[in-house]
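These notes are about the structure you will find just below.
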DNA sequence: CATGAATGAGTATTCATTCAT
DNA sequence: AATGAATGAATACTCATTCAT
C-alpha cells in the first residue's frame with residue numbers, strides 16, 4: 015500500500031524516482047525499463063520504490079504528469095506575448111521554445127516523447143514516406159508553375175509526416191472533433207492555400 | 015532456420031500466421047502480442063510458427079512488408095491521375111483513398127499503423143494538445159480578423175497534431191533533411207500563408 | 015545481471031545452489047540437468063537461482079571452481095611430504111588421497127569429474143579397449159619372456175586407457191607441448207622401460 | 015517402425031545417414047546435432063530418416079559401431095607383425111597407425127572420439143593438470159638425480175593425463191578388473207620403473 | 001521506513017517425432 | 001517409399017511484486 019509522502023525526505027525520494035524513470039526510459043525505452051533499473055538509478059531499493067508507487071505504471075504516469083506540467087509551465091507565460099504577434103511569428107516563437115525544451119537535460123524529454131511515439135515508426139513507414147515524396151516529385155514535374163515555390167522539400171516533409179500522423183490520429187479517435195472528410199478538405203486547403211500564396215508572393 | 019514453404023499447404027500457413035498477426039496486434043498491440051496468441055488465432059501450433067519465421071520479430075516484419083506493399087499498390091496506380099489535378103484536389107483524393115484503405119478489414123491496417131505510432135501518445139499528449147488548442151482560442155480572441163477564417167478547429171487540429179509529430183520526428187532524426195530552424199519557419203509559413211490566403215479569399 | 019549476495023541468507027542460497035548442482039549432475043549428468051531441477055533440489059525458486067547466477071553455465075562454472083579449489087586444498091599441503099619420497103611412493107600416496115577425495119560425499123566429485131569426461135565413452139570405446147587387451151594377450155603369447163612380469167592386466171589397463179586418453183587429448187590440442195611422434199615415443203618408452211625394469215628385477 | 019534395408023539403394027541411404035552423422039557431429043558435437051541437420055546433409059527428408067532408424071540415438075549407435083569396426087579393421091591385420099616386435103616398437107607402430115586413422119577424413123573420427131570424451135574437460139581440469147605439473151617441477155627440484163631423465167615434460171604429460179583418466183574410469187567402473195590399490199601401485203610402479211630404467215641407461 | 005531476498009507465472013524458442021499426402 | 005508440414009512438451013530465462021528481517 016503506497017502512502018502519500020508527508021515529509022520533505024519522502025518527497026525527495028519521489029522526485030528521485032521520477033528523475034530515475036526519465037533517465038532509464040531515455041536509455042532503454044519504456045518497454046525495456048525495469049523497476050530494478052529505476053530503483054538502482056534512484057539509489058534506493060525496489061522495496062522502497064513500492065512504498066511510493068503502487069506499481070510500475072504509476073511511475074510512468076507520474077513521469078507523464080511532470081512532462082505535461084513542464085510543457086504547461088513553458089507555454090503558459092508565453093501566451094500573452096504570442097497572441098500579440100502575427101500568426102506565423104507566433105508559431106515560430108513557440109517552436110523555438112519547444113525545441114529547446116525537448117533538447118534540454120540531455121534530451122531527456124525528447125527521448126520520452128519519442129518513446130511515446132515509438133521511434134520504430136520511422137523505419138516502418140519509411141517506404142510510405144518515400145512513396146509520397148516521389149509523388150510530390152512527379153507532381154512538380156507535371157506542374158511547372160509549382161517549381162517557383164520555395165522550400166518544397168521542407169514543406170513536403172511537414173505535409174507528409176504531419177499529414178500521416180493527423181490522419182491516423184483522427185481515424186483512431188472514437189469521438190473525433192470533425193469528420194474525416196472535413197479533415198481531408200482541411201489538409202487539402204492547407205496545401206492549396208500555401209501554394210497559392212507562395213506563388214502569388216513570387217509573382 | 016526457418017524453411018521456405020514448398021507446398022500449397024505451407025503457404026496457406028504462412029498467410030494464416032501473418033493474418034493472425036494483424037488480428038492479434040489489432041486487439042492487444044505489438045508489445046502485448048505473444049507467439050502463443052498468434053499461433054492460436056492462426057489455428058496452428060507454436061512449433062509451426064517457427065517453421066516459417068525465425069522469431070517473433072520476423073512476423074512483425076512480414077506484416078509490415080505486407081502493409082507497405084498494399085499502400086504502394088493503392089497509391090501507385092493513382093499517381094498519373096493525381097499529378098493532373100490541382101494540388102488541393104490531389105491531396106483530397108489521396109486522403110479519401112488512404113482513409114478507406116486504413117478502415118477496411120475491420121480497421122486491421124489502421125490498428126497496425128496506430129500501434130506503430132503507439133496509441134499511448136494520445137493519452138500522454140492530450141493535455142499538451144489541449145493547451146495548444148487554448149492558445150489558438152486566445153489568439154483568435156486577440157485577433158478579431160482571424161475570426162473570418164473557416165474551419166479554424168480543423169486547421170488547428172491539423173497544425174497542432176501534425177506539427178508535434180513533425181517536430182519530434184525531425185528532432186529524432188540523426189540526419190534530418192533540413193535544420194530545425196528551417197522546419198520551424200516552414201511550419202510558420204504554412205500557417206501564415208494559409209491564414210493570409212483564407213482572409214484574402216474572404217475579402 | 016546477477017547480484018552479489020550481501021546477506022548471510024543470500025550466501026546460504028548460493029551455497030545451496032552449488033550443492034544442488036553437484037547433486038543434480040550426479041544423478042543425470044550435466045547435459046540433462048535443468049535449472050528447474052537444480053532449483054527444486056536447492057529448495058528455492060527458479061527466480062532466486064537467476065538472482066545469483068547469470069545463466070545455467072555460470073552454475074557449472076561455480077561448481078568447477080569449487081571442485082578445483084578442493085583438489086588444490088587437498089594436494090597443496092601434501093607437496094612438501096611428497097617431494098621427499100621416492101617417486102613411486104609419491105605417486106602412490108597422491109593417488110590414495112585423490113581416490114578418497116573423489117569418493118567422499120556419496121561420490122559427488124567423482125560423478126562430476128566423470129561427467130566432464132563423458133561417461134559415455136566407456137560404452138563407446140569399450141570394444142576398442144577390448145581389442146587392445148586382446149592385442150596384449152597375443153603379444154604375451156608370442157613373447158614368453160614377458161610372462162614373468164607381474165600385474166600384466168593392471169598395467170595393460172593403465173597403458174590402454176591412459177594411452178587412448180593422452181592420444182586424443184594431444185591430437186585435440188591446437189598447441190600441444192610436444193609432437194605426436196614424441197608422444198608416441200614417450201608412450202613406447204614408458205612401456206619399454208617398465209617391461210625391461212620388471213624383467214630385470216625378476217632376474 | 016524402421017525396417018531392415020533390403021535393397022542396395024536402402025543400404026546406400028543408411029550409409030549416407032551415418033556419414034552425415036559423422037559430418038554433423040564433427041561440426042557441432044553430438045549434443046548440438048539435430049535430426050534435421052543429419053537429414054539435410056544426407057540429402058533426404060526427416061521422414062525418410064525415421065524409415066531407417068528408430069530414433070536419434072540409433073544413429074549415434076550405428077556411428078559408434080562403424081567407428082569400432084574401422085578401428086578393428088585397422089588393428090587386426092597389424093597384430094601378426096606387432097607381436098613379433100620389441101614391446102616399445104610395437105606400441106610406437108600402433109600409435110602411428112592410430113594417429114593417422116583418427117586424422118583422416120578431415121579428422122572426422124578424432125572429432126567423434128573427442129566429442130565422446132567431451133573436449134570441455136580440458137578446460138575444466140586444466141587447473142588440476144597445472145597443479146600436478148607444478149608438483150612434478152617441485153619434485154625434480156628436490157631430487158636432483160631425476161634431472162638426468164630425458165623427456166620429462168612428455169612423460170609428465172602422459173602420466174598426468176593418462177593417470178587422471180585411468181583413475182576416473184576405474185572408480186566409475188562398477189566391476190573394475192582390479193582394486194583401486196592395485197591400480198595405484200601399478201601407476202606408481204610404471205613411474206618408478208620408468209625413472210629407474212631411464213637413470214640406469216644414463217649411467 | 002528501508003532493505004534485498006524470494007517468488008513464480010509468463011515468454012520465446014527448440015527439436016524429436018508423427019503422419020497426411 | 002518418400003516427403004515435409006505439423007506438433008507440443010520441454011527449457012532457459014525475466015521481472016513485477018511481495019514480505020521477512
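Residue numbers (our numbering), protein chains in the order written: chain E, 15 to 217; chain Y, 15 to 217; chain C, 15 to 217; chain W, 15 to 217. Note that beta-carbon positions come from the ideal geometry of N, C-alpha and C, so glycine has one too. Just so we're clear, the structure is a prediction, and the values are computed from it rather than from any experiment.
Query raised in the report: Quick one: what does DSSP say residue 173 (chain Y) is sitting in, helix, strand or coil?
Result: Stepping through the second chain from its first residue, residue 173 (chain Y) is reached at position 159. Three-state DSSP puts residue 173 (chain Y) in a helix.
Query - Own chain residues within Cβ distance below 7 Å of residue 34 (chain E), not counting five before or after - result: What you label residue 34 (chain E) is simply residue 20 of the first chain in a count that begins at 1. For residue 34 (chain E), same chain residues with a beta-carbon under 7 Å away, outside a window of 5 residues either side, are 52, 55, 56 in chain order.
Query raised in the report: Counting contacts by CB-CB distance shorter than 8 Å, is residue 98 (chain E) in contact with chain Y?
Result: In the first chain, counting from the first residue as 1, residue 98 (chain E) sits at position 84. Interface residue, yes.
Query raised in the report: Would you report the Cα separation of residue 155 (chain W) and residue 162 (chain W), rounded to the nearest angstrom?
Result: As a working note, residue 155 (chain W) is residue 141 in the fourth chain. As a working note, residue 162 (chain W) is residue 148 in the fourth chain. A direct Cα-Cα distance of roughly 12 Å separates residue 155 (chain W) from residue 162 (chain W).
Query raised in the report: Do residue 219 (chain W) and residue 47 (chain C) have their C-beta atoms closer together than 8 Å?
Result: The requested residue 219 (chain W) is not part of the displayed model; chain W covers only 15 to 217.
Query raised in the report: Would you say residue 169 (chain W) faces chain C, with C-beta separation under 8 Å as the test?
Result: The residue you call residue 169 (chain W) lines up with position 155 of the fourth chain. Yes, because at least one Cβ of chain C sits closer than 8 Å to the Cβ of residue 169 (chain W).
Query raised in the report: Among C:74, C:213, C:32, which residue has its Cα nearest to the Cα of residue 158 (chain C)?
Result: Here residue 158 (chain C) refers to the residue found at position 144 when the third chain is read from its first residue. Looking from the CA of residue 158 (chain C), the closest CA among C:74, C:213, C:32 belongs to C:213.
Query raised in the report: Whose CA, out of C:152, C:83, C:128, C:186, lies closest to the CA of residue 113 (chain W)?
Result: Here residue 113 (chain W) refers to the residue found at position 99 when the fourth chain is read from its first residue. Nearest C-alpha to residue 113 (chain W): C:186.
Query - Sequence-distant residues of its chain with Cβ nearer than 7 Å to residue 15 (chain E) (five each side left out) - result: Along the first chain, read from residue 1 onward, the residue named residue 15 (chain E) stands at position 1. Low local confidence applies: a pLDDT of 49 at residue 15 (chain E) is under 50, so the model's placement there is unreliable, with the coordinate-based value given in what follows. Closer than 7 Å at the Cβ level, and outside the excluded window around residue 15 (chain E), lies no residue.
**Report entry** Among E:211, E:152, E:32, E:91, nearest to residue 58 (chain E) - alpha-carbon criterion
**Finding:** What you label residue 58 (chain E) is simply residue 44 of the first chain in a count that begins at 1. That would be E:32, whose Cα lies nearest to the Cα of residue 58 (chain E).
Requested in this report: Check the C-beta distance from residue 125 (chain C) over to residue 39 (chain C) and give it rounded, since I have them as a contact under 8 Å.
Outcome: The residue given as residue 125 (chain C) occupies position 111 in the third chain. The residue given as residue 39 (chain C) occupies position 25 in the third chain. Indeed, because the Cβ distance is near 7 Å, the residues count as touching under 8 Å.
Query - Per-residue DSSP class, three states only, for residue 158 (chain Y) - result: Here residue 158 (chain Y) corresponds to residue number 144 of the second chain, with the count starting at 1. Reduced to three states, the DSSP call for residue 158 (chain Y) is helix.
**Report entry** Per-residue contacts from residue 192 (chain W) into chain C (C-beta, under 9 Å)
**Finding:** The residue given as residue 192 (chain W) occupies position 178 in the fourth chain. By Cβ distance, chain C contributes 165, 167, 168, 171.
Report task. Could you pull out every residue in the same chain whose Cβ sits closer than 8 Å to the Cβ of residue 84 (chain W), ignoring the five residues on either side in sequence? Result -> Translated into the one-based positions of the fourth chain, residue 84 (chain W) becomes position 70. Only 115, 123 meet the Cβ criterion.
Query raised in the report: Does the beta carbon of residue 71 (chain Y) sit closer than 8 Å to a beta carbon anywhere in chain E?
Result: Translated into positions along the second chain, residue 71 (chain Y) becomes position 57. Residue 71 (chain Y) is outside the set of residues whose beta carbon lies under 8 Å from a beta carbon in chain E.
Requested in this report: Would you mind working out which of C:79, C:70, C:153 sits nearest residue 102 (chain W), comparing C-alpha positions?
Outcome: As a first step, residue 102 (chain W) is located in the fourth chain; it is residue number 88 there, counting from the start. Out of C:79, C:70, C:153, C:153 has the C-alpha closest to the C-alpha of residue 102 (chain W).
**Report entry** Contact check, residue 146 (chain Y) vs residue 174 (chain Y), beta carbons under 8 Å
**Finding:** Against the second chain, residue 146 (chain Y) aligns to sequence position 132. Against the second chain, residue 174 (chain Y) aligns to sequence position 160. Residue 174 (chain Y) sits close to residue 146 (chain Y), with the two beta carbons spaced by under 8 Å.
Query raised in the report: What are the boundary residues of the alpha helix (DSSP H) that residue 55 (chain C) is part of?
Result: Translated into the one-based positions of the third chain, residue 55 (chain C) becomes position 41. DSSP places residue 55 (chain C) in the uninterrupted alpha helix (DSSP H) bounded by 49–56.
Requested in this report: Could you check what DSSP says for residue 85 (chain C) in three-state terms: helix, strand or coil?
Outcome: Counting from one through the third chain, the residue named residue 85 (chain C) turns up at place 71. Of the three classes helix, strand and coil, the one that applies to residue 85 (chain C) here is helix, per DSSP.
Requested in this report: Compare the C-beta of residue 115 (chain E) with all C-beta atoms of chain Y and state if any pair is closer than 8 Å.
Outcome: One-based indexing of the first chain puts residue 115 (chain E) at position 101. Residue 115 (chain E) does not count as touching chain Y.
Query raised in the report: Hey, would you say residue 176 (chain C) sits closer than 8 Å to residue 177 (chain W), going by beta carbons?
Result: As a working mapping, residue 176 (chain C) is identified with position 162 in the third chain. As a working mapping, residue 177 (chain W) is identified with position 163 in the fourth chain. It is a contact, given that the beta carbons lie within the stated cut-off.
Query raised in the report: Hey, does residue 201 (chain E) have any beta-carbon neighbour from chain Y nearer than 8 Å?
Result: Locating residue 201 (chain E) in the first chain gives position 187, where the first residue counts as 1. Closer than 8 Å: yes.
Report task. Starting from residue 102 (chain W), find everything on chain C with Cβ-Cβ shorter than 7 Å and list it in chain order. Result -> As a working note, residue 102 (chain W) is residue 88 in the fourth chain. Here the neighbours are 202, 203, 205, 206.
Query raised in the report: Roughly how many angstroms lie between the CA atoms of residue 198 (chain W) and residue 164 (chain C), to the nearest whole one?
Result: By 1-based counting over the fourth chain, the position of residue 198 (chain W) is 184. By 1-based counting over the third chain, the position of residue 164 (chain C) is 150. If you take the alpha carbons of residue 198 (chain W) and residue 164 (chain C), they lie about 14 Å apart.
Report task. Determine the chain C residues that contact residue 112 (chain W) at a beta-carbon separation under 8 Å, and present them in chain order. Result -> The count along the fourth chain starts at 1 and reaches residue 112 (chain W) at position 98. Scanning chain C for C-beta atoms nearer than 8 Å to the C-beta of residue 112 (chain W) yields 181, reported in chain order.
Requested in this report: Express the C-alpha separation of residue 60 (chain C) and residue 49 (chain C) in angstroms, rounding to a whole number.
Outcome: Walking along the third chain from the start, residue 49 (chain C) turns up at place 35. Walking along the third chain from the start, residue 60 (chain C) turns up at place 46. Rounded to the nearest angstrom, the two C-alpha atoms are 7 Å apart.
Query raised in the report: Should residue 211 (chain W) be flagged as near chain C, meaning a C-beta pair shorter than 8 Å?
Result: The residue given as residue 211 (chain W) occupies position 197 in the fourth chain. Taking 8 Å as the threshold, the shortest C-beta distance from residue 211 (chain W) to chain C falls below it.
Query - Classification of residue 45 (chain E) by the beta-carbon crowding that lies within 10 angstroms, buried from 16 upward - result: Reading the first chain from its first residue, position 31 is the one you call residue 45 (chain E). Residue 45 (chain E) comes out exposed.
Query raised in the report: Does the distance from the CB of residue 105 (chain C) to the CB of residue 202 (chain W) come in under 8 Å?
Result: Taking the third chain and counting its residues from 1, one reaches residue 105 (chain C) at position 91. Taking the fourth chain and counting its residues from 1, one reaches residue 202 (chain W) at position 188. Result yes, Cβ atoms of residue 105 (chain C) and residue 202 (chain W) sit closer than 8 Å.
Report task. Could you tell me the distance, in whole angstroms, from the CA atom of residue 82 (chain C) to the CA atom of residue 76 (chain C)? Result -> The count along the third chain starts at 1 and reaches residue 82 (chain C) at position 68. The count along the third chain starts at 1 and reaches residue 76 (chain C) at position 62. Separation of residue 82 (chain C) and residue 76 (chain C) (C-alpha to C-alpha, rounded to the nearest whole angstrom) is 10 Å.
Query raised in the report: Does any CB atom of chain W fall closer than 8 Å to the CB of residue 86 (chain C)?
Result: Start at 1 with the first residue of the third chain, and residue 86 (chain C) comes out as number 72. Closer than 8 Å: yes.
Report task. Verify the CB distance criterion: does residue 15 (chain E) have a CB-CB separation below 8 Å to chain Y? Result -> Here residue 15 (chain E) is taken as the residue at index 1 of the first chain, counted from 1. Because residue 15 (chain E) sits at a pLDDT of 49, beneath the cut-off of 50, its placement in the model cannot be relied upon, and the point is left open.
**Report entry** residue 3 (chain E), enclosing alpha helix (DSSP H) - first and last residue
**Finding:** Since the displayed chain E opens at 15 and closes at 217, residue 3 (chain E) lies outside it and no answer follows.
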